[in-house]
Every structure is written in C-alpha cells, then in structure tokens.
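Enquirer: Dropping a structure here in structure tokens format, bear with me for questions.
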Amino acid sequence: MGSAIRIAVGGGKGGSGKSTVSVNLGVALAQLGMRTVLVDADLGAANLHTMLGVAGHGPTMQDLIDRRIHSLEEASTATRVPRLFLVPGVGAVVGGANPQHAQKLKVLRHVAALDADVVIVDVGAGVSYNALDFFELGDVRLVVTTPQLTSIQNAYAFLKSALHRALPAAGLDEEDRALLARVSHPSSTTERFRVVLDRVATERPALAARIEAILSSFGASLVGNIVPSAQAGNVLHGLSRMTSDFLSLQAKVIAQIPADPAVHQSIDRRAPYLETASPRQPAARAFVSLAEHVLSVNVEAQRAARSLEGIASSLALSIAAPERADDAPSVDGYTRREERVQVDVLAQVDAGGARQDGRLLDLSPHGAFAAVLGPVPPIGAGVTIRVDKPLPLVLVGTVRRSRDGCIGVELAPASVEPCRAFLDRVAPGRPVPR
Ligand SMILES: Nc1ncnc2c1ncn2[C@@H]1O[C@H](COP(=O)(O)OP(=O)(O)OP(=O)(O)O)[C@@H](O)[C@H]1O
Ligand SMILES: [Mg+2]
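Below is the structure:
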C-alpha cells in the first residue's frame with residue numbers, strides 16, 4: 059500500500075462544497091510542499107478537472123476500469139499548481155456511476171497504492187456504497203456540510219451510513235451478524251449506538267471491543283463550508299455533539315470556511331480559488347489551516363490502531379460479497395469441481411517475501427480466495443495464509459490466475475487436510491452463493 063496520507067472528502071448533500079474543499083485543500087497542501095494527488099471518485103459526475111482547468115483528454119479512472127491503462131499513475135495529470143496532480147474521474151459514461159464490484163475494488167486498491175505525500179479523494183454526493191467505500195479509504199475522513207439544516211441532516215445520515223458500512227471490519231462472523239441484527243435498528247432515528255454496544259458487550263464482549271476500536275479510530279472530522287457568519291457555524295458543533303451522543307463517533311469541527319463570492323467565481327474561471335487568493339482572505343486562511351490540521355494527524359498511530367484490531371483491511375471487507383461466477387479465476391481443481399465455502403475471516407498473507415493484512419474469503423479443500431490490500435502477488439508465487447480466529451489455520455499454496463484485489467490460491471497437498479478440518483469446524487454446509 060502507498061504511504062501517502064489519504065484524505066477522503068464526503069458529506070452526503072450535493073452542493074455543500076465537497077469538490078471545492080477537495081480542490082482548495084489540495085492547492086493548500088501542494089503550496090505547503092506536499093506532493094498531492096486529487097482523485098475524483100464522484101463516479102458519473104466528475105468535475106474536478108473543470109475546477110482545476112485541466113483539459114479532459116487524457117486517461118481517466120474509466121480507462122483503468124476498462125483496462126486501457128494498468129495503473130492510476132498513468133491517469134495522474136499535472137495541474138497548473140506545482141506538486142498538485144489530478145486523477146480525473148468518470149463523467150457522463152453510461153454505467154460509469156455503477157462499476158461492477160470487482161471494478162470498484164480494483165480502483166480502490168489502485169487509489170490506496172498511489173505514490174504521493176497526500177492523496178485526496180472526493181467521494182461525491184449521497185450515501186451510495188460507492189461513496190461510502192471510497193470514504194472508508196481515508197485515514198482522515200472529512201465530512202463537508204453547510205450550516206443549512208438539510209445539509210446538516212445529510213451529513214449526519216452520511217456518518218451513520220459510514221459507521222454501519224464500517225462495522226463488518228470488526229471481522230463479524232455469522233453469530234456476530236445475527237446478534238447485531240437483533241440488538242440494533244439502524245433505521246431508527248432515536249437509537250443510541252452506545253445502547254447497542256452495551257447490549258453487544260453483555261453477550262459478546264470481544265465483539266464490543268472490536269467495534270469500540272472502529273469507533274475510536276474512525277477519523278471523521280467536520281468541515282463547515284459556505285458559512286455566512288461565526289454564529290451560523292455554531293450549528294456544526296451541534297452536529298458534532300449529536301454524532302457523539304447518538305453514534306458514539308467523535309467528529310470535531312476542524313474548519314469553518316466562510317461563504318465568499320470569490321470562491322464561487324473561481325469555478326467559472328476554471329482556476330482554484332486558492333491559486334490566486336491573497337493569503338489574508340478569511341477563506342484562504344481557513345483552507346490553509348485545514349491543510350495544516352490534516353498534516354498534524356498522526357496517521358501512523360491511527361492505522362496501527364485500526365490494524366491492531368484486525369481492521370487494517372477495512373477495504374477488504376467490501377470484498378466479502380461473492381462475485382459473479384464468471385469473474386472467478388481459474389484455480390484448477392477448485393472453482394469448477396468443488397464447492398466453495400464462504401468463510402470471510404481476517405488473515406495474514408505472505409507471498410513473495412512480503413506480509414500483508416487481508417481476508418480469507420472463501421475456501422474449498424484444494425483452493426482459496428484471499429483479498430489483499432497491497433499488490434497482488436505474481437502468478438506462480440508461493441503463498442502462505444495464516445488465520446488466527448476463529449481457529450488457527452495455516453495454508454500453503456501457489457498463486458494462480460488472480461482477479462482484481464483477490465488472489466486465487468491452489469493449495470498444496472499438505473494443506474488439504476487442515477483445510478477440510480477447518481471447514482468442518484468453522485463453516486459446515488455454507489456454500490458460496492452463485
Ligand atoms: N466557501 C464557499 N463560498 C461560496 N461559494 C462556495 C463555497 N464553497 C462552494 N461554493 C459554491 O457552491 C457550489 C457547490 O460547490 P461544489 O461543487 O464544490 O459542491 P459539491 O459538494 O462538490 O457538489 P456535488 O455534490 O454536486 O459534487 C459551487 O457553485 C461553489 O462555487
Ligand atoms: Mg462535487
């Protein structure tokens with residue numbers, strides 16, 4: 059995985075200024091000396107290239123999806139601002155807003171692997187799984203909202219959806235899922251997540267602890283935008299309190315960007331506001347101080363907190379859904395002849411001398427599918443997959459043809475029996491749905 063600080067910018071409400079904040083934060087970081095890549099993940103409605111005045115002829119994310127390019131670096135284009143680069147997104151391409159699951163995973167992996175000091179991802183509006191999955195990529199997760207009531211409501215809904223989307227990262231097994239379904243009612247508007255956690259803690263303290271770890275390393279912050287006055291911005295602190303009270307998530311207000319006609323006009327000029335603004339203007343000061351705040355976050359500690367609890371692979375959780383049979387790799391003697399069983403447990407994957415966090419997705423006596431966050435090991439590499447929970451298991455095998463974000467592993471004969479024993483104990487009679 060790339061070592062860049064990843065900043066995800068979301069917030070639900072269209073027009074709250076997610077793209078404006080992404081672009082100007084990017085300019086501020088580049089001006090502070092950071093090699094910064096902006097990624098336009100507003101699938102189907104990409105417009106960062108317009109805001110930056112970048113001509114739209116080069117490759118985009120769509121070209122990666124369509125295999126015309128092989129890395130996002132190939133789509134990364136320079137902007138007029140030194141050190142600021144853009145990976146243009148998918149515009150009005152039919153189907154562009156709805157990539158297949160495997161395609162989305164591929165893009166997520168490539169974004170995570172981008173080489174830069176900072177990567178900023180504009181996830182677009184709404185609470186679609188696309189937006190939430192890109193949001194989850196962020197070490198720092200900014201929720202942009204105006205002080206207007208509807209925008210505040212959407213920001214809250216976005217955070218709530220993001221939390222529920224992140225929960226499977228706690229490594230839920232089937233009983234965990236059943237327990238959560240029994241004790242939580244995500245559609246309720248009055249339920250306090252703390253109460254849900256208390257109920258979980260009485261039955262499954264370990265699960266409650268894992269969820270607490272997700273909450274404490276969630277990394278969300280609130281950014282007020284188009285704020286007409288300091289007083290109007292107070293409503294943001296109300297949102298922060300509500301998020302703490304109801305979702306048990308700490309999301310502080312880290313910036314209040316004033317409403318400024320010059321920000322608005324910059325869009326039509328196709329030039330980021332901060333490129334030419336006087337540093338003394340309040341909006342410019344707000345963007346720069348947001349950039350400084352972001353750089354002060356201890357990303358390493360946050361990543362460590364997430365991975366300690368087995369959620370380093372928070373990305374991989376979105377891989378858990380089985381994909382279409384015709385997406386399956388050809389792992390001989392495995393996908394065709396034998397029934398695969400969905401196990402979906404945290405795993406360590408050693409291949410080619412590198413160890414990565416990942417998940418063991420599904421398994422049959424001669425083969426396995428695992429998801430990794432970093433580079434997919436080359437076909438033919440020896441691989442060892444270690445699982446601690448719910449039972450210790452060590453599988454060795456060879457990487458066979460891989461699909462995006464996953465590796466297909468043909469198990470060595472010595473692993474067949476341990477694999478059978480594991481399946482008998484862990485997942486009797488649970489074939490992968492086709
Ligand atoms: N601080 C600001 N002051 C004045 N106008 C602003 C400010 N921030 C954003 N705007 C204006 O608000 C409008 C919406 O901004 P932007 O496109 O960044 O929102 P968005 O959240 O990315 O929207 P979408 O959800 O459609 O992608 C733009 O016209 C922009 O010029
Ligand atoms: Mg936008």
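If you want the working numbering, it's the 1-based position in the sequence shown plus 58. Glycine included, each C-beta is placed from N, C-alpha and C at the ideal position.
#1: Taking 8 Å as the cut-off, decide whether the C-beta atoms of residue 358 and residue 424 are in contact.
#2: Exposed or buried, what is residue 437 when buried is set at 16 or more other beta-carbons lying within 10 Å of its beta-carbon?
#3: Label residue 232 either buried or exposed according to how many other C-beta atoms from any shown protein chain fall within 10 Å of its C-beta, with 16 as the threshold for buried.
#4: Counting C-beta neighbours from all protein chains within 10 Å, is the total for residue 70 16 or more, i.e. buried, or is it exposed?
#5: Below 7 Å CB to CB, which residues in the same chain sit around residue 484 once its five sequence neighbours on both sides are set aside?
#6: What are the complete alpha helix (DSSP H) segments, minimum 4 residues, inside the region 155 to 181?
#7: With C-beta atoms as the reference, is residue 176 less than 8 Å away from residue 119?
#8: Can residue 424 be considered in contact with ligand 1, in the sense that its beta carbon sits closer than 7 Å to one or more heavy atoms?
#9: Judging by CA-CA distance, which residue of 85, 320 and 76 is the nearest neighbour of residue 204?
#10: Quick check on residue 437: does DSSP put it in helix, strand or coil?
#11: Ordered along the chain, which non-local residues of its own chain (more than five positions away) have a Cβ less than 6 Å from that of residue 234?
#12: Does the region 283 to 294 come into contact with the region 204 to 213, if we say contact requires no fewer than three beta-carbon pairs (one atom in each stretch) closer than 8 Å?
#13: Using only the heavy atoms of ligand 2, determine whether one of them is closer than 7 Å to the beta carbon of residue 231.
#14: Is the separation between the beta-carbon of residue 285 and that of residue 312 shorter than 8 Å?
#15: Rounded to whole angstroms, what's the CA-CA distance from residue 165 to residue 298? Just pull it up for me.
#16: My guess is that residue 305 and residue 251 are in contact by the Cβ rule of under 8 Å, so how many angstroms apart are they, rounded?
#17: For the alpha helix (DSSP H) that residue 63 lies in, which residues bound it at each end?
#18: Should residue 187 go down as buried or exposed, given a rule of 16 or more other Cβ atoms within 10 Å for buried?
#19: Taking the alpha-carbon positions, what's the residue 407 to residue 171 distance?
#20: If you compare alpha carbons, which of 260, 114, 308 and 246 is closest to residue 272?
#21: Who are residue 475's beta bridge partners in DSSP?
#22: Pick out whichever of 399, 398, 440 and 404 has its Cα sitting closest to the Cα of residue 412.
#23: In the structure shown, what three-state DSSP assignment does residue 212 receive?
#24: When you compare only the Cα positions, how much space is there between residue 482 and residue 399?
#25: Any contact between the region 92 to 104 and the region 135 to 147? By contact I mean 3 or more CB pairs, one from each, below 8 Å.
#26: What are the boundary residues of the alpha helix (DSSP H) that residue 76 is part of?
#27: In angstroms, rounded to a whole number, what distance separates the CA positions of residue 229 and residue 421?
#28: So what's residue 329 in DSSP terms, helix, strand or just coil?
#29: Classify residue 72 as helix, strand or coil using the three-state DSSP reduction.
#30: Out of 349, 259, 354 and 471, state which residue places its alpha-carbon closest to the alpha-carbon of residue 88.
#31: Give me the residue from 470, 416 and 435 with the minimum Cα distance to residue 446.
#32: Taking its Cβ as the centre, do 16 or more other Cβ atoms sit within 10 Å of residue 128, making it buried, or is it exposed?
#33: Would you say the beta carbon of residue 105 comes nearer than 7 Å to a heavy atom of ligand 2?
#34: So is residue 205 in contact with chain C if we call contact Cβ pairs under 8 Å?
#35: Measure the alpha-carbon distance for residue 280 versus residue 83 and round it to whole angstroms.
#36: What whole-angstrom Cβ distance do residue 197 and residue 63 have, given they're in contact under 8 Å?
Expert: Inspection of the coordinates gives the following:
#1: At a Cβ-Cβ threshold of 8 Å, residue 358 and residue 424 do not count as neighbours.
#2: Residue burial is scored here from C-beta neighbours: residue 437 has fewer than 16 other C-beta atoms within 10 angstroms and is therefore classed as exposed.
#3: Residue 232 is exposed by the Cβ-count criterion.
#4: Looking at its Cβ environment, which holds 16 or more other Cβ atoms inside 10 Å, residue 70 is buried.
#5: Cβ within range, chain order: 401, 448 and 449.
#6: Counting whole runs of 4 or more residues, the region 155 to 181 contains the alpha helix (DSSP H) stretches 159 to 171.
#7: For the pair residue 176 and residue 119, the CB atoms are not nearer than the 8 Å cut-off.
#8: Ligand 1 never approaches residue 424 closely enough for any of its heavy atoms to be under 7 Å from the residue's Cβ.
#9: Out of 85, 320 and 76, the CA that lies nearest to the CA of residue 204 is found in 76.
#10: Collapsing the DSSP output to three states places residue 437 in coil.
#11: Excluding its 5 nearest sequence neighbours in each direction, residue 234 has C-beta neighbours in its own chain below 6 Å: 265, listed in chain order.
#12: With the cut-off at 8 Å, the region 283 to 294 and the region 204 to 213 touch.
#13: At a cut-off of 7 Å, the beta-carbon of residue 231 does not count as near ligand 2: no heavy atom of the ligand is closer than that.
#14: Result no, Cβ atoms of residue 285 and residue 312 do not sit closer than 8 Å.
#15: Spanning the two alpha carbons is a distance of roughly 31 Å.
#16: Rounded, the Cβ-Cβ distance is 5 Å, consistent with contact.
#17: Unbroken run through residue 63 is the beta strand (DSSP E), 63 to 68; no alpha helix (DSSP H).
#18: Counting the other CB atoms within 10 Å of its CB gives residue 187 a total below 16, which places it among the exposed residues.
#19: The C-alpha of residue 407 lies about 17 Å from the C-alpha of residue 171.
#20: If we check each option's Cα against that of residue 272, 308 comes out closest.
#21: None, per the DSSP bridge assignment.
#22: Among 399, 398, 440 and 404, the Cα nearest to that of residue 412 belongs to 440.
#23: Three-state result, residue 212: helix.
#24: It is roughly 10 Å from the alpha-carbon of residue 482 to the alpha-carbon of residue 399.
#25: Touching, yes.
#26: Counting along the chain, the alpha helix (DSSP H) containing residue 76 begins and ends at 76 to 89.
#27: Straight-line measurement puts the Cα of residue 421 at about 17 Å from the Cα of residue 229.
#28: Of the three classes helix, strand and coil, the one that applies to residue 329 here is coil, per DSSP.
#29: If DSSP states are grouped into helix, strand and coil, residue 72 belongs with coil.
#30: The shortest Cα separation from residue 88 among 349, 259, 354 and 471 belongs to 349.
#31: Checking every option, the nearest Cα to that of residue 446 belongs to 416.
#32: In summary, residue 128 is exposed, with fewer than 16 beta-carbon neighbours lying within 10 Å of its beta-carbon over all protein chains present.
#33: Residue 105: yes, Cβ under 7 Å from ligand 2.
#34: No chain C is part of this structure, which consists of one protein chain only.
#35: Residue 280 and residue 83: Cα-Cα distance of roughly 14 Å.
#36: That pair is a contact at about 6 Å.
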